[in-house]
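Enquirer: Our numbering puts the first residue of the sequence shown at -13, with every later residue one more than the last.
Ideal Cβ placement from N, Cα and C applies to all residues, glycine included.
Take this structure, written in structure tokens, and hold onto it; I'll ask about it next.
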Amino acid sequence: MPEHLYLRAPGEKRRAPPGVRAVIHLDEPRVSGYPLHHNLPALFIQPAPPPPAVAAFLLAALGVWAGDKLLPRKSAPDAWTREIVLHLPVTPPWLKLTPPLGQILNFLTGDHWSIKPREAPVNLGFAGTWDHPWQPQAVALYSGGLDSLAGAIDQLEAGCRLLLVSHHDYGQLAGVQQTLAGALMAHYSPERVQHLNLRVQFPEAPELTLRSRSLLFLALGLTAASAFGPDMPLLIPENGWVSLNPPLTLNRLGPYSTRTTHPYFLGQLTRLWRDAGISHPLNNPYQGLTKGELLEQCRNRELLAKLGGQSSSCARPVASRWRRQAGGECGYCYPCLLRRAALHRLGWDRGEDYLLDVLADPGALRHRVRGRDLRALLLALKTWEESPGEIEGRVCWGEAGPDLAQKYEQTRRLLASGFQEIGKFFQDKGRDSLNAYLRGNQ
-13 MPEHLYLRAP GEKRRAPPGV RAVIHLDEPR VSGYPLHHNL PALFIQPAPP PPAVAAFLLA
47 ALGVWAGDKL LPRKSAPDAW TREIVLHLPV TPPWLKLTPP LGQILNFLTG DHWSIKPREA
107 PVNLGFAGTW DHPWQPQAVA LYSGGLDSLA GAIDQLEAGC RLLLVSHHDY GQLAGVQQTL
167 AGALMAHYSP ERVQHLNLRV QFPEAPELTL RSRSLLFLAL GLTAASAFGP DMPLLIPENG
227 WVSLNPPLTL NRLGPYSTRT THPYFLGQLT RLWRDAGISH PLNNPYQGLT KGELLEQCRN
287 RELLAKLGGQ SSSCARPVAS RWRRQAGGEC GYCYPCLLRR AALHRLGWDR GEDYLLDVLA
347 DPGALRHRVR GRDLRALLLA LKTWEESPGE IEGRVCWGEA GPDLAQKYEQ TRRLLASGFQ
407 EIGKFFQDKG RDSLNAYLRG NQ
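See below:
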């Protein structure tokens, strides 16, 4: 049975239809339902207010993100694929575009989305002003991770004036983003770089997979960029390995591996924006690079080394709370392992910087939770060494086209370089324990 969710536009008087599982609203007083807490008024109306089509896309992304968090996958018949009907307020350009939006969401989250649009005024209360004598030349998404830090440094070293846009839903991440952005402003001057830190929180969050989180992040960045004209570029500094995210094992096929910045998703999203009259360029400058290559090619490695330890790449940022430890990177999730392999390429990896050094702990590899991603990465590396075509066959290529051969060559180079980076890290840092594990599981 599909779950019906109703997203209410601010100030909307229409009632939700019968049979709706939940009404979601933007934290309006005395409105029943599930509130989304936010500081969206910080988004700019000067030098220009965002066009209605952009505001409507942001509202849609808020509804999708809330629905993704609200509906637990374990309740689905296969414990993953949900049927979601989202009743969505839209502006006229979006009335005919909801079917392709649903298809994009299906690819992104692995669910079956149906969008029920209704025309409604979309006023999200933007009130921010750009109080600086200069304007940015680009807007960059700024997560607080290593990639976004290196990406910002590269743009600033190239002479670009930059607006960094962050999203957070808990205070620890906000602190990381603000600290690093402040360090960049101190180094390059506030006349070159500014930071917009946006808060969107949804307290009702039984589901933690959050495959739609990038849609919200992109929508926030797009809305900030639109204040500076229709051609302001939006940059996504993400290494190509994570963007492509090759499935490590057969039980991680499709959206079981996240597709949050997958090139096919970004291409389809850009096409959808064009159809809605939104012309902002969307660009990932690092699509062809591994994380280690991205860091290695940074235009100011000295500054990256100085600030990188304060960044956060962890998929389990609150793991320390669960284990009653001081805050820090967990050390055993997939992003932590990729981060360590990338830093090892530069000679910067230190196992003691993590709550758990999985390569030094003899019991971690066999632990049900803390060894899960390490085991998957080991199996993928072994598969690549013995049968690279099997890994290539798991990669999602998107639609076939005249550039398929070129795409294949670029992807194979990325896979080879990525597995070499990971393999070198394992060989140098955990050779004995990992080899013993592999021998015991042959």
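1) Would DSSP call Leu332 helix, strand or coil?
2) Suppose you measure from the CA of Pro58 to the CA of Arg7; what does that come to, to the nearest Å?
3) Could you tell me the alpha carbon to alpha carbon distance between Pro233 and Val381, rounded to whole angstroms?
4) My output table needs one value for Phe214: the three-state DSSP class, helix, strand or coil.
5) Please name the residue or residues paired with Ser152 in a DSSP beta bridge.
6) Our contact map puts Leu416 next to Leu345 with C-beta atoms below 8 Å; I'd like the distance itself, whole angstroms only.
7) What separation, rounded to the nearest whole angstrom, lies between the Cα atoms of Ser18 and Lys82?
8) If you follow the alpha helix (DSSP H) that Trp370 is part of, which residue opens it and which one closes it?
9) Whose CA, out of Tyr320, His153, Cys146, lies closest to the CA of Arg238?
10) Starting from Ala169, trace the alpha helix (DSSP H) both ways and give me its first and last residue.
11) Ala436 and Pro219: beta carbons closer than 7 Å?
12) Could you pull out every residue in the same chain whose Cβ sits closer than 7 Å to the Cβ of Glu(-2), ignoring the five residues on either side in sequence?
13) Just the Cα atoms here: how many angstroms apart are His181 and Gly111?
14) When DSSP labels each residue in this structure, what does Glu102 get in the three-state scheme?
15) Look up Tyr320 in the DSSP assignment and say whether it is helix, strand or coil.
16) What would DSSP say about Lys(-1), mapped onto helix, strand or coil?
17) Report the three-state DSSP secondary structure of Glu143 (helix, strand or coil).
18) Look at the Cβ atom of Arg285, then the Cβ atom of Asp133, and state whether they are nearer than 7 Å.
19) Please work out which residues of its chain come closer than 8 Å, Cβ to Cβ, to Trp308, disregarding the five sequence neighbours upstream and downstream, and give them in chain order.
20) With DSSP run on the structure shown, which of helix, strand or coil describes Thr115?
21) Have a look at Gly49 and His73 and give me their C-alpha separation to the nearest angstrom.
22) Where does Tyr340 sit, in a helix, a strand or coil, going by DSSP?
23) Which value, in whole angstroms, describes the spacing of the CA atoms of Phe411 and Glu279?
24) Among Phe30, Trp227, Lys292, which has the Cα closest to the Cα of Thr165?
25) Output yes or no for whether 7 Å exceeds the beta carbon distance between Pro267 and Gly137.
26) On a CA-only basis, which of Ala47, Gly145, Phe30, Tyr20 is nearest Ser175? Give me that one, please.
27) Determine the contact status of Pro27 and His11, defining contact as a CB-CB distance below 7 Å.
28) Suppose you measure from the CA of Asn269 to the CA of Gly317; what does that come to, to the nearest Å?
Expert: Straight from the coordinates:
1) For the purposes of this step, residue 332 is taken as residue 346 along the sequence shown, with counting starting at 1. The answer is coil: DSSP assigns Leu332 none of H, G, I, E or B.
2) Start at 1 with the first residue of the sequence shown, and residue 58 comes out as number 72. Start at 1 with the first residue of the sequence shown, and residue 7 comes out as number 21. Taking the straight line joining both Cα atoms gives about 13 Å.
3) To locate residue 233, count along the sequence shown from 1; it is residue 247. To locate residue 381, count along the sequence shown from 1; it is residue 395. Each residue's Cα considered, the two are about 7 Å apart.
4) By 1-based counting over the sequence shown, the position of residue 214 is 228. Phe214: coil per DSSP, three-state reduction.
5) Reading the sequence shown from its first residue, position 166 is the one you call residue 152. Its beta-bridge partners are Asn183.
6) Numbered from its first residue, the sequence shown carries residue 416 at position 430. Numbered from its first residue, the sequence shown carries residue 345 at position 359. According to the sequence displayed, residue 416 carries Gly and not Leu. Between Leu345 and Gly416 the Cβ distance is about 3 Å, and since that is below 8 Å, they are a contact.
7) Working through the sequence shown from its first residue, we reach residue 18 at position 32. Working through the sequence shown from its first residue, we reach residue 82 at position 96. Approximately 30 Å between the Cα atoms of the pair.
8) If you number the sequence shown from 1, residue 370 lands on position 384. Element bounds for Trp370: 358 to 372.
9) As a position in the sequence shown, residue 238 is number 252, starting the count at 1. Closest by alpha carbon: Tyr320.
10) Here the question's residue 169 lines up with position 183 in the sequence shown. Ala169 -> alpha helix (DSSP H) spans 157 to 174.
11) With the chain covering -13 to 428 only, the question about residue 436 has no answer from this structure.
12) Indexing the sequence shown from 1 puts residue -2 at position 12. Taken in chain order, the residues that qualify are Pro75, Ala106.
13) Position 195 of the sequence shown, counting from 1, holds the residue named residue 181. Position 125 of the sequence shown, counting from 1, holds the residue named residue 111. Rounded to whole angstroms, His181 to Gly111 spans 20 Å at the Cα level.
14) Here residue 102 refers to the residue found at position 116 when the sequence shown is read from its first residue. Just to set this straight, residue 102 is Lys in the shown sequence, not Glu. Three-state DSSP puts Lys102 in a strand.
15) Locating residue 320 in the sequence shown gives position 334, counting from the first residue. Helix, per DSSP.
16) For the purposes of this step, residue -1 is taken as the residue at position 13 of the sequence shown. Three-state DSSP puts Lys(-1) in coil, outside helix and strand.
17) Walking along the sequence shown from the start, residue 143 turns up at place 157. Residue state, collapsed to three classes: helix.
18) As a first step, residue 285 is located in the sequence shown; it is residue number 299 there, counting from the start. As a first step, residue 133 is located in the sequence shown; it is residue number 147 there, counting from the start. No; because the gap between Cβ atoms is not below 7 Å, this pair is not in contact.
19) The residue labelled residue 308 in the question sits at position 322 within the sequence shown. Confidence at Trp308 is low in this model, with a pLDDT of 48, below 50, so its placement is unreliable and the value that follows should be read with caution. Nothing listed; no residue qualifies.
20) For the purposes of this step, residue 115 is taken as residue 129 along the sequence shown, with counting starting at 1. The answer is strand: DSSP assigns Thr115 an E or B state.
21) The residue labelled residue 49 in the question sits at position 63 within the sequence shown. The residue labelled residue 73 in the question sits at position 87 within the sequence shown. The straight-line gap from Cα to Cα measures roughly 9 Å.
22) Position 354 of the sequence shown, counted from the first residue, corresponds to residue 340. Residue state, collapsed to three classes: strand.
23) Sequence index remark: in the sequence shown, residue 411 carries index 425 (1-based). Sequence index remark: in the sequence shown, residue 279 carries index 293 (1-based). The straight-line gap from Cα to Cα measures roughly 14 Å.
24) Position 179 of the sequence shown, counted from the first residue, corresponds to residue 165. Answer by Cα proximity: Lys292.
25) Within the sequence shown, numbered from 1, the residue matching residue 267 stands at position 281. Within the sequence shown, numbered from 1, the residue matching residue 137 stands at position 151. The answer is no: Cβ separation not under 7 Å.
26) Taking the first residue of the sequence shown as 1, we reach residue 175 at position 189. That would be Gly145, whose Cα lies nearest to the Cα of Ser175.
27) Walking along the sequence shown from the start, residue 27 turns up at place 41. Walking along the sequence shown from the start, residue 11 turns up at place 25. For Pro27 and His11, no; Cβs fall outside 7 Å.
28) Counting from one through the sequence shown, the residue named residue 269 turns up at place 283. Counting from one through the sequence shown, the residue named residue 317 turns up at place 331. Asn269 and Gly317: Cα-Cα distance of roughly 30 Å.
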